Structures are given as structure tokens and as C-alpha cells.
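Chemist:
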Amino acid sequence: MTTDFSGYVEISHPVPSTKIWHQVAGAGTPVVLLHGAFSSAADWGGQFQPFVDAGFRVYVPERHGHGHSADVTEEFHYETMADETIVYLDEVVGGRAHIVGWSDGAVIAFLVALKRPDLVDRMVVLGQYLNSSGRAPGGILDDIGDIDSDIVQFLRADYASASPDGDDHFPVVFEKTNAMVASEPEMDLTDLTAVTAPTLVMQGDHDEVLVEHSLAIVDQLPNGRLAVLPGTHLIPIETPAVVNPVIINFLEGDPA
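Residue 1187 in this note's numbering is what sits at position 92 of the sequence shown, and the numbering runs on without skipping anything.
Below you can see the structure in the form of C-alpha cells.
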């Protein structure tokens, strides 16, 4: 794998001189990959090098409180994370880019597109509802609410191996994440008519979001497309050989 740089960079939000970890490689049109909750750049391992090989300059930042980036705020909110991403685009990427957001990263991508449409070229969003009516019952989120569940303990070990805050801080991040997910996002889908960037809405057919909700999102987008693939919320990890060509084709222009 070719990596031009992996390490810390300073940005001015959410607090001055916030240090976040990121990974960058490639040349060409910039693509920024936004990870989900309890996640990190590592979860894009199936996409990073294929996107570089496709001719993109790929950026994978880890938001504060995730991966190698320290926790610096008292609460988590999607709005704050979107503002952090906007600052990263302005100060590190240097402007306009394709945005690919998975799970929480998809919510953040939509908020960035609404707040700063000048920064978004094309957008791909994977596996995320934008209000509680779109949440599929019986999904992974039901288990993530229990800190003693197998999946949370797996995520905790991953967090502890990378975070400068250490394992003792995981319960803090756990509580902040679950508090956010309990009340956010609650977006009015009609607001999406303002998102003019060509947008591909993707999900697995057994995902955390209802297919009907994804259809409702696409219906509101002036330039929206829908792709439902076999799989779960983890389709970028489960089937990168299926997911990657769909994303790359769309980012390259998605010919009719």
C-alpha cells in the first residue's frame, strides 16, 4: 500500500490546535473518506488503495475521539463533527473534494453539503438513516447500546489499541456516542432539496436503514441515485470487490 503520509495534522476546530490523525495517498481529484461511530481510518482498508489506484488523491481523517485522534469535547454532535470536517477540507485538503461517508460519516457528509456546498463535488453515502423513522429494527445499534456486548468489547479493544486517551477513556466515548445516537440525527428530508451535488445513496439489503427511507432521501435530492447491494451495514468490509467499482464509477462521472 502506498501512503504519502499518515500521522497528525493540526486543525482549528473543534478547539484551537486540535490534532487529528489522517492518512493521505495518491494524485488526482481529492476524495475524503468519512468513517462511522466507534470507527477509524482502518475500516476503509478495503477502499483506500483501490481508490488511489483509480487515480484519486485519498484522504482518510479520524475525527476527534476516534481512532488515533484524542477526545477534545464534552459531547458528541453531528453538527460539530460536520464543522470539523469543513475545517479539515478548508485547511488540509485545500477546498473542494468528493466525499464518501459511511454510517455516521454519511450524516456528516449531508451536513457538510448543506453547510458548504462549495466544498462538495460528488458524494457517496452508505448505510445511514437521516431521521429515526428510517432506522431498521433489530440491527447492530441494538447491541451497541450495551457496553458489555461482544460487539462493543471488540470495538473497545480496537479503540484502546489506537487512542492516545487509552482504554480507561472508552466508557466516556461510549456514553457520548450513545447519547448522540439516541437523539440524532433528526433531519427533515425536504431540506435535502438544497443538496445539488450528484449523490449516490448506497446500502445493504440488510442494513441499519430501511430501503424505503433511502428511496425517500433520493426522491428529495435533485441529483440523487440509489444502489442497494446484497449485504449488511458492513458492505465496504464484506464485499469491497462489489462496492468499490460502483463508487469509483460514480465518482468518475457515472455515465448514463
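C-beta: ideal position from N, C-alpha, C; glycine also.
What you are looking at is a predicted structure, and each value in this text was computed from that prediction instead of being measured.
Per DSSP, what kind of secondary structure is residue 1308 in: helix, strand or coil?
Modeler: Helix, per DSSP.
Chemist: Measure the alpha-carbon distance for residue 1334 versus residue 1326 and round it to whole angstroms.
Modeler: The straight-line gap from Cα to Cα measures roughly 8 Å.
Chemist: With which residues is residue 1197 paired in a DSSP beta bridge?
Modeler: DSSP lists 1221 as partners of residue 1197.
Chemist: With DSSP as the reference, label residue 1331 as helix, strand or coil.
Modeler: Residue state, collapsed to three classes: helix.
Chemist: How would you call residue 1303, buried or exposed, if buried means at least 16 neighbouring beta carbons within 10 angstroms?
Modeler: Counting Cβ neighbours within 10 Å, residue 1303 comes out buried, since at least 16 surround it.
Chemist: Per the contact definition of three or more C-beta pairs closer than 8 Å, is the region 1276-1283 in contact with the region 1181-1188?
Modeler: Touching, no, given that fewer than three Cβ pairs across the two stretches are closer than 8 Å.
Chemist: My understanding is that residue 1316 touches residue 1341, with C-beta atoms under 8 Å, so please give their C-beta distance in whole angstroms.
Modeler: Actually they are not in contact, since the Cβ atoms of residue 1316 and residue 1341 sit about 17 Å apart, beyond 8 Å.
Chemist: Across which residues does DSSP place residue 1105 in a beta bridge pair?
Modeler: The partner list for residue 1105 (beta bridge, DSSP) reads 1114.
Chemist: So the beta strand (DSSP E) residue 1300 belongs to, where does it begin and stop?
Modeler: That run of the beta strand (DSSP E) goes 1294-1301.
Chemist: Assuming residue 1260 contacts residue 1166 (C-beta within less than 8 Å), just tell me the rounded distance between them.
Modeler: Indeed, because the Cβ distance is near 6 Å, the residues count as touching under 8 Å.
Chemist: Determine, using beta-carbon pairs with one atom in the region 1148-1162 and one in the region 1104-1120, whether at least three such pairs fall under 8 Å.
Modeler: Judged by Cβ distances under 8 Å, the region 1148-1162 makes contact with the region 1104-1120, as three or more pairs qualify.
Chemist: With DSSP collapsed to three states, give me the class of residue 1124.
Modeler: If DSSP states are grouped into helix, strand and coil, residue 1124 belongs with the strands.
Chemist: Closer than 6 Å by C-beta to residue 1238: which residues in its own chain qualify, once you throw out the five before and the five after it? Chain order, please.
Modeler: Taken in chain order, the residues that qualify are 1244 and 1246.
Chemist: How long is the line joining the alpha carbons of residue 1177 and residue 1242, rounded to whole angstroms?
Modeler: Going by the C-alpha atoms only, they are around 26 Å apart.
Chemist: I'd like the list of long-range same chain contacts for residue 1207, defined as Cβ closer than 7 Å, with 5 residues on each side in sequence excluded.
Modeler: 1177, 1180, 1181, 1194, 1214 and 1215, listed in sequence order.
Chemist: With DSSP collapsed to three states, give me the class of residue 1100.
Modeler: Looking at residue 1100 - three-state DSSP - the assignment turns out to be strand.
Chemist: Could you tell me the distance, in whole angstroms, from the CA atom of residue 1294 to the CA atom of residue 1323?
Modeler: Rounded to whole angstroms, residue 1294 to residue 1323 spans 14 Å at the Cα level.
Chemist: Relative to the C-alpha of residue 1102, which residue among 1297, 1156 and 1130 is closest?
Modeler: Residue 1102 has its Cα closest to that of 1156, out of 1297, 1156 and 1130.
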